[in-house]
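Undergrad: Please find one structure pasted underneath; my questions will follow.
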Amino acid sequence: MTRTAPLLFVIVFALSLCAFGPLSAGGASSPREPEAHEKLMEVPEPNLTGVDLPVQTQIQSAEKALTATLNLHAAVGAEKAKAFGYLGEIYQAYGFDDAATACYANAAKLAPLAFRWHYYLAYLHEKRGDSKLAASEYQRALSLKPHDAITMLRLGNLELDLNEFTLAKSYLGNPLVRQTAPGAALSGLGKIALAEHRYQDALKCFTEALKSDPHASSIHYHLAKAYRALGDFQNMDANLRDRGETEPVVRDPLLEEIDRLKQSRIDLWKRGNVAMHEERFADAVAAYEQMVELKPSDPIGYIYLAQALAATGEIQRALDQYKRALQLDPHNAIVHYNMGILYTQAKSDEMAITHFRAAIRYDPEMVATHFDLANLLMRRGKDEEAGLEYGIVVSAEPQNSLAPLMQAMAAVHAGAYSQARSLLEEALRRLPSDPDMANALARILAAAPDPKVRDEPRALKNIQTLIQTEQGMDFETGVTLGMALAAVGRFKDAADCQINMIHELQAAGRSDLAKLLQEDLVRYQRNEACRRPWAGDDPIFTPVIRKSQPAAQAISEQPDTDSKREN
Amino acid sequence: MRISRRDFVKLGIAAGVSGAGILRAAPAEAEEIFTDRTRESGIDFVHFNGMSGKHYYPEMIGSGVALFDYDNDGDLDIFLVQGSMLGPNNDRSQTVFRPEGLLRGRLYRNDSIRHADGSCTLKFTDVTQESGLDVRGYGMGVAAADFNNDGWVDLYVTNFGHNQMWRNNGNGTFTDVTRESGTDVSGWSCSAAFLDYDRDGWLDLFVGNYVDFRFSDQKKCLSASGAEDYCGPLSFNPLPNRLFRNRRDGTFEDVTASSRIGSESGGALGVTCADFNGDGWMDIYVANDKRPNQLWVNQRDGTFKNEGLAAGCALDQDGIPQSGMGVDSGDVLGRGFEDLVVTNLAGEYADLFLNNGQGWFDDASFQSGLAAATRPYTGFGMGLLDYDNDGQLDLLVVNGAIKAVEEQVRNRSLFPYGQPKLLLHNTGNGHFENVSNRAGASFSFLEVSRGLAFGDLDNDGDTDAVVVNNSGPARLLINNVGHRKPWIGFRMVGEKHHRDMLGTRVAVFRRGAPTLWRRVHQDGSYCSSSDPRVLFGLGDFPEVTKVQAHWVSGHVEEWTGLRVGKYTELREGSGIPIKI
Chain A
1 MTRTAPLLFV IVFALSLCAF GPLSAGGASS PREPEAHEKL MEVPEPNLTG VDLPVQTQIQ
61 SAEKALTATL NLHAAVGAEK AKAFGYLGEI YQAYGFDDAA TACYANAAKL APLAFRWHYY
121 LAYLHEKRGD SKLAASEYQR ALSLKPHDAI TMLRLGNLEL DLNEFTLAKS YLGNPLVRQT
181 APGAALSGLG KIALAEHRYQ DALKCFTEAL KSDPHASSIH YHLAKAYRAL GDFQNMDANL
241 RDRGETEPVV RDPLLEEIDR LKQSRIDLWK RGNVAMHEER FADAVAAYEQ MVELKPSDPI
301 GYIYLAQALA ATGEIQRALD QYKRALQLDP HNAIVHYNMG ILYTQAKSDE MAITHFRAAI
361 RYDPEMVATH FDLANLLMRR GKDEEAGLEY GIVVSAEPQN SLAPLMQAMA AVHAGAYSQA
421 RSLLEEALRR LPSDPDMANA LARILAAAPD PKVRDEPRAL KNIQTLIQTE QGMDFETGVT
481 LGMALAAVGR FKDAADCQIN MIHELQAAGR SDLAKLLQED LVRYQRNEAC RRPWAGDDPI
541 FTPVIRKSQP AAQAISEQPD TDSKREN
Chain B
1 MRISRRDFVK LGIAAGVSGA GILRAAPAEA EEIFTDRTRE SGIDFVHFNG MSGKHYYPEM
61 IGSGVALFDY DNDGDLDIFL VQGSMLGPNN DRSQTVFRPE GLLRGRLYRN DSIRHADGSC
121 TLKFTDVTQE SGLDVRGYGM GVAAADFNND GWVDLYVTNF GHNQMWRNNG NGTFTDVTRE
181 SGTDVSGWSC SAAFLDYDRD GWLDLFVGNY VDFRFSDQKK CLSASGAEDY CGPLSFNPLP
241 NRLFRNRRDG TFEDVTASSR IGSESGGALG VTCADFNGDG WMDIYVANDK RPNQLWVNQR
301 DGTFKNEGLA AGCALDQDGI PQSGMGVDSG DVLGRGFEDL VVTNLAGEYA DLFLNNGQGW
361 FDDASFQSGL AAATRPYTGF GMGLLDYDND GQLDLLVVNG AIKAVEEQVR NRSLFPYGQP
421 KLLLHNTGNG HFENVSNRAG ASFSFLEVSR GLAFGDLDND GDTDAVVVNN SGPARLLINN
481 VGHRKPWIGF RMVGEKHHRD MLGTRVAVFR RGAPTLWRRV HQDGSYCSSS DPRVLFGLGD
541 FPEVTKVQAH WVSGHVEEWT GLRVGKYTEL REGSGIPIKI
């Protein structure tokens with residue numbers, strides 16, 4: 001029997017049961033027409049091609065359970081409703097919304113006083129964008145359970161979307177709703193106030209909403225709108241800066257039940273991701289391990305598992321998972337790159353370089369690899385190779401200001417000051433307002449050992465302009481200023497500058513930095529200019545390699561993401 | 001079973017006519033607002049997306065269309081952007097739909113015949129071969145404008161791959177001047193727009209870039225059930241947009257960095273250029289996919305600043321970025337301001353951002369009825385047009401899903417992403433009414449629509465449309481109703497150079513009725529380029545007292561005594577100067 005046949009058979013059988021009723025004791029009953037309210041919808045059969053095996057099993061099992069229930073003479077309406085409803089929940093869990101809707105419609109018909117089927121129906125109508133139908137079903141659900149706060153909340157938001165502000169206010173302002181989901185309720189009331197141009201009220205609502213749900217960063221956007229309307233641009237800007245995309249928390253027990261049914265790879269992946277985000281790394285490992293189990297031939301599971309293991313500090317186990325991923329996909333640039341990162345952490349620089357180079361071989365345009373490889377080469381004193389890699393980043397990302405700076409530093413470390421100067425001048429033509437590069441150029445112009453590279457007056461002019469633009473001096477620009485002053489012969493000014501900085505640093509408890517200024521101070525006091533822009537052990541020559549691995553190739557979010565109103 | 005493009009098209013059209021599960025109830029042709037006249041006009045273009053079952057993201061995104069007068073004979077010609085094979089081992093035998101013929105963009109010359117009784121026999125001739133337009137590659141969009149001020153409209157084609165600049169030689173042919181013009185962009189570009197951002201009388205070029213998709217880094221994206229489907233934009237890094245300043249010698253300078261346009265990337269799909277804050281300088285609005293939209297406000301010194309967030313047009317009303325695809329700007333409320341409309345994914349809704357005149361916006365998506373009408377659909381190409389010439393800007397949206405539509409998957413459709421089109425009538429006061437059921441039979445076809453360009457193809461005084469369907473036939477939708485109401489139209493051209501002065505704002509003053517404002521533009525919609533002429537429906541107030549032009553140069557001029565019911569060419573400098 002094909003998959004198609006059983007369901008159709010079920011429907012026909014169900015209808016016939018309705019038509020023919022139970023046999024009487026004395027013999028066959030005469031057939032009767034089904035009552036209008038007993039006519040059930042045909043449940044469309046989802047196409048399960050490509051669906052994860054556990055999901056297929058789950059769906060087929062629920063379908064069989066429905067068939068069995070409908071076949072039972074003794075089954076009453078409530079039992080049939082439950083069977084339809086359960087199948088609907090499974091369908092909904094995996095996005096087969098049409099099929100789920102039909103199941104819920106049947107369940108609601110068979111058990112019209114059951115709240116949950118109307119609720120789920122309403123939810124699916126809402127998800128499909130049919131606000132009026134959704135509102136009608138939510139109202140039906142509410143009539144069965146008048147104090148259900150979540151239903152009132154959803155109705156309130158729907159009525160808001162339908163511009164029925166009075167109705168919306170009545171739902172969102174209900175004390176039960178305010179108690180159950182204060183952030184969401186107040187946020188909704190705030191939106192109504194905004195729409196009605198009651199900006200002070202809107203401010204009040206959003207402020208309270210944020211107080212009750214401080215992580216709901218999306219509320220800052222509403223606050224910004226209210227402040228804007230009131231002409232308070234400072235607070236508007238502040239809230240725009242704090243804006244995020246986290247909406248107020250709404251715990252929906254019925255939707256959580258659906259979530260708990262999910263067993264597909266994407267759900268395991270999502271579970272793992274949530275766990276990673278919440279730093280429950282052990283839970284993430286567990287979820288990703290299940291993902292691997294579901295499809296051992298897919299490298300993605302191993303990649304995520306490796307990331308989770310690395311987060312727990314299990315570098316070697318993480319590397320083992322990456323190696324498995326490479327067995328399945330040897331040319332995976334991201335895996336090589338991530339292994340490079342991990343080997344760096346494990347201080348196996350040569351292995352790290354091998355894998356970074358492999359990543360570049362398989363994806364030469366992955367800019368991050370060139371950059372991290374460059375940093376690693378720089379740390380190992382391979383300045384020329386580092387310079388080449390930085391140069392690739394510069395070409396690929398003209399807006400990247402760190403790459404040209406580091407390229408110049410690689411040249412400096414190699415003693416190629418003229419090249420460093422040219423690189424910085426070129427980069428500053430592209431990115432004229434970058435302060436770090438401007439400072440680095442000024443320092444080379446002031447203190448390069450080669451007089452042909454130096455341009456002392458220009459160095460002083462540049463550093464003074466930079467300090468003015470940045471509205472003050474920091475450690476690096478202060479050092480450069482001292483060098484530039486000494487370079488033009490103003491040794492006393494250079495020394496005074498140095499002394500002032502030393503005092504400030506000591507007062508701030510930074511004697512470590514103050515110590516670094518002593519050598520040049522002595523030089524200036526002897527009327528000598530500095531001829532070494534950076535000390536050999538300056539941290540700039542040992543750039544830090546990142547610790548975390550980048551997000552791997554996904555299993556990504558669903559291409560047409562579910563409505564963001566789904567909590 | 002291998003299916004050829006032609007078979008699929010026949011199946012699709014047959015199913016559409018028979019209503020076999022693909023077609024919804026369609027109105028009789030006599031009542032149609034738009035009639036599909038594709039077949040009889042000679043347009044036989046079918047888009048090929050190169051899909052091979054591997055769910056490469058670019059498959060779902062193209063493509064666009066340009067309506068422009070390439071031969072300066074006064075009617076609109078059509079250029080349709082084509083896809084090609086995709087993937088490192090691209091082989092026609094592996095595609096789901098087998099392409100027929102050469103895969104390249106097609107140019108159709110408008111050879112329509114206008115009869116003495118005013119009727120028009122539509123006829124388009126494929127002149128691709130003789131035009132020299134050899135546009136291959138994986139085409140996305142197109143922008144049409146005269147970049148070298150020689151009076152002939154050129155084409156800029158965006159690709160997944162390298163873009164191309166085609167110079168119109170003025171003799172029916174085009175030359176590829178990509179390299180010498182300096183406008184090559186490699187990556188993934190979608191919508192592009194020409195605009196004179198520095199007011200020097202020469203058109204500059206904005207190129208919207210999407211995301212960094214690579215075959216070597218193919219991501220696997222799954223639906224809730226674990227079945228493979230297309231990824232979304234957040235699976236990839238966004239690419240920086242590009243701005244090219246016209247050097248006035250046939251070349252462009254890449255000013256992306258110095259203009260600061262490149263300082264923020266969002267994954268651009270749609271772009272529209274207008275003076276949003278009323279300071280007389282062209283700004284740029286970019287619709288980004290799942291990242292905040294951008295409003296690049298011209299700082300008047302060669303740089304731009306993104307003020308989208310503060311302006312209130314970057315996010316939806318909940319402060320969440322939407323999937324911005326198509327975009328247009330126009331005077332929705334009839335106040336003389338450039339309002340914004342953006343199409344989004346199913347489950348989201350189309351945005352209506354109402355401009356306060358100074359470049360700050362209020363979200364009226366729900367109050368206008370737009371949200372309710374558009375929420376079930378994934379909108380791409382769209383535009384504000386006065387389809388019935390009543391003086392109010394209506395909205396036409398063409399849709400096509402990105403996520404497989406459950407019912408079509410069940411029906412074993414090979415391309416289960418079809419959705420109907422939407423026509424929304426502006427009832428005044430910023431409210432839209434869904435009139436799709438009267439729009440025409442083709443509106444109910446479940447197609448994967450993408451590009452949409454507007455223009456008066458038959459020069460009868462109402463706005464027609466051309467739709468590009470991904471992996472499907474292009475459609476020529478001819479307006480049947482607009483010309484029944486009084487109208488007036490203009491081609492706004494430069495004083496020194498006979499080209500369309502994109503960005504010019506035109507006001508028509510009517511006796512006893514509010515002033516109507518329109519803007520000269522080719523950009524907006526999705527990956528497409530529209531008729532730059534401005535067409536004003538006069539509704540019940542046909543008496544035009546004067547017409548005012550606010551040129552991009554900053555000059556303002558007026559004309560009186562202009563005839564209703566025809567297009568008039570207005571040259572900068574030919575009117576009475578006005579001080580504002």
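In order, the protein sequences belong to chains A and B.
Oh and the first sequence: position 369 is 369 in this note's numbering, straight run, nothing missing.
Oh and the second sequence: position 258 is 258 in this note's numbering, straight run, nothing missing.
Quick reminder that beta carbons are idealized off the backbone N, C-alpha and C, glycines included.
Predicted, not measured: the structure shown is a model, and the values here were computed from it.
From the beta carbon of B/S52, is the nearest beta carbon of chain A less than 7 Å away?
TA: For B/S52, the answer is no, since every Cβ of chain A falls outside 7 Å of its Cβ.
Undergrad: When the Cα of A/H482 is compared with those of A/V522, A/A507, A/Q471, which residue comes out closest?
TA: Checking the sequence shown, residue 482 of chain A turns out to be Gly, not His. Considering only alpha carbons, the answer is A/V522.
Undergrad: Since B/S444 meets chain A, which of its residues come closer than 7 Å, beta carbon to beta carbon?
TA: Simply none; closest approach about 18 Å.
Undergrad: Mind pulling the alpha helix (DSSP H) runs of 4 or more residues that sit fully within the segment 223-273 of chain B?
TA: Within the segment 223-273 of chain B, the complete alpha helix (DSSP H) runs of at least 4 residues are 256-259.
Undergrad: Output, in chain order, the set of chain B residues within a Cβ distance shorter than 7 Å of A/D97.
TA: E406, listed in chain order.
Undergrad: Could you pull the start and end residues of the beta strand (DSSP E) that A/Q468 belongs to?
TA: A/Q468 -> not in any beta strand (DSSP E); alpha helix (DSSP H) instead, spanning 456-469.
Undergrad: Can you give me the C-alpha to C-alpha distance between A/Y94 and A/S264, rounded to a whole angstrom?
TA: A/Y94 and A/S264: Cα-Cα distance of roughly 8 Å.
Undergrad: For the segment 121-148 of chain A, list every residue whose C-beta sits within 9 Å of some C-beta in chain B, in sequence order.
TA: Flagged, chain order: K127, R128, G129, D130, S131, K132.
Undergrad: Any Cβ of chain B within less than 7 Å of the Cβ of A/V55?
TA: Closer than 7 Å to some Cβ of chain B, the Cβ of A/V55 qualifies, so yes.
Undergrad: Give a yes or no on contact between the segment 320-327 of chain B and the segment 374-381 of chain B, applying the rule of three or more CB pairs nearer than 8 Å.
TA: The segment 320-327 of chain B is in contact with the segment 374-381 of chain B.
Undergrad: Distance check for B/V177 and A/E389, CA to CA, integer angstroms please.
TA: Taking the straight line from one Cα to the other gives about 33 Å.
Undergrad: So, with DSSP's three-state summary, where would you put A/P31?
TA: Because A/P31 carries a pLDDT of 31, less than 50, the predicted location of this residue cannot be relied on, and the following value inherits that uncertainty. Coil, per DSSP.
Undergrad: Go ahead and pull the three-state DSSP assignment for B/Q419.
TA: Correct three-state label for B/Q419: strand.
Undergrad: Report the CB separation of A/Y322 from A/A306 in whole angstroms; it is logged as a contact under 8 Å.
TA: Confirmed, about 5 Å.
Undergrad: Would you verify that the beta carbon of B/K220 is, or is not, closer than 7 Å to some beta carbon of chain A?
TA: B/K220 counts as touching chain A.
Undergrad: Against chain A, with Cβ distances strictly below 7 Å, would B/L309 count as a contact?
TA: So yes, B/L309 belongs to the interface.
Undergrad: Taking 8 Å as the limit between beta carbons, can you name the residues of its chain near A/L424, skipping five residues before and five after?
TA: For A/L424, where only same-chain residues beyond five positions count, the Cβ hits under 8 Å are P404, L405, A408, M437, A440, L441, I444.
Undergrad: Over the uninterrupted alpha helix (DSSP H) stretch that includes A/V394, give me the two end residues.
TA: 383-396 is the extent of the alpha helix (DSSP H) around A/V394.
Undergrad: Residues in the same chain with beta-carbon distance under 6 Å from B/G161, minus the five sequence neighbours each way, listed in chain order, please.
TA: For B/G161, where only same-chain residues beyond five positions count, the Cβ hits under 6 Å are G137, Y138.
Undergrad: Can B/I402 and B/Y230 be called in contact, C-beta distance under 7 Å?
TA: Cβ atoms of B/I402 and B/Y230: closer than 7 Å.
Undergrad: Would you list the one or two residues that DSSP bridges to B/Y526?
TA: Answer by DSSP bridge pairing, in chain order: B/L452.
Undergrad: CB A/A184 to CB A/P248, shorter than 7 Å?
TA: Yes, these two residues count as a Cβ contact at 7 Å.
Undergrad: Could you please give me the residues that DSSP links to B/G139 through a beta bridge?
TA: BP columns for B/G139 point to B/N159.
Undergrad: Just tell me which of A/P539, A/D520, A/A105 has its CA closest to the CA of A/C530.
TA: Answer by Cα proximity: A/D520.
Undergrad: Taking the alpha carbon of B/G53 as the point to measure from, which residue in B/C221, B/Y285, B/Q164 has its own alpha carbon closest?
TA: Of the listed residues, the one whose Cα sits closest to B/G53 is B/C221.
Undergrad: With H, G and I counted as helix, E and B as strand and the rest as coil, what does DSSP make of B/V286?
TA: It is a strand residue.
Undergrad: For B/K579 and B/D339, I'd like the C-alpha separation in whole angstroms.
TA: Their Cα atoms are separated by approximately 25 Å.
Undergrad: With DSSP as the reference, identify every bridge partner of B/N355, one or two as the case may be.
TA: Answer by DSSP bridge pairing, in chain order: B/F361.
Undergrad: In chain B, what lies closer than 7 Å to A/S218 by C-beta?
TA: Per Cβ cutoff of 7 Å: D318, G319, I320.
Undergrad: Distance cutoff 7 Å, beta carbons only. Does B/P376 sit that close to anything in chain A?
TA: By this cut-off, B/P376 is an interface position.
Undergrad: Does the beta carbon of A/Q399 sit closer than 7 Å to a beta carbon anywhere in chain B?
TA: Yes, contact with chain B.
Undergrad: At a Cβ cut of 8 Å, what residues of the segment 360-372 of chain B count as close to chain A, listed as they run along the chain?
TA: Cβ contacts with chain A: W360, F366, Q367, A371, A372.
Undergrad: Mind checking which residues open and close the beta strand (DSSP E) that includes B/N603?
TA: As shown, chain B starts at 1 and ends at 580. That puts residue 603 of chain B outside it, with no answer to give.
Undergrad: Name the chain B residues whose beta carbon is nearer than 8 Å to that of A/M236?
TA: Those within 8 Å of A/M236 in chain B are A310.
Undergrad: Does the beta carbon of B/S611 come closer than 7 Å to any beta carbon on chain A?
TA: Outside the displayed span of chain B (1 to 580) sits residue 611 of chain B, for which this structure offers no information.
Undergrad: May I ask which residues mark the beginning and end of the beta strand (DSSP E) holding A/R260?
TA: No beta strand (DSSP E) contains A/R260, which is instead part of the alpha helix (DSSP H) from 253-261.
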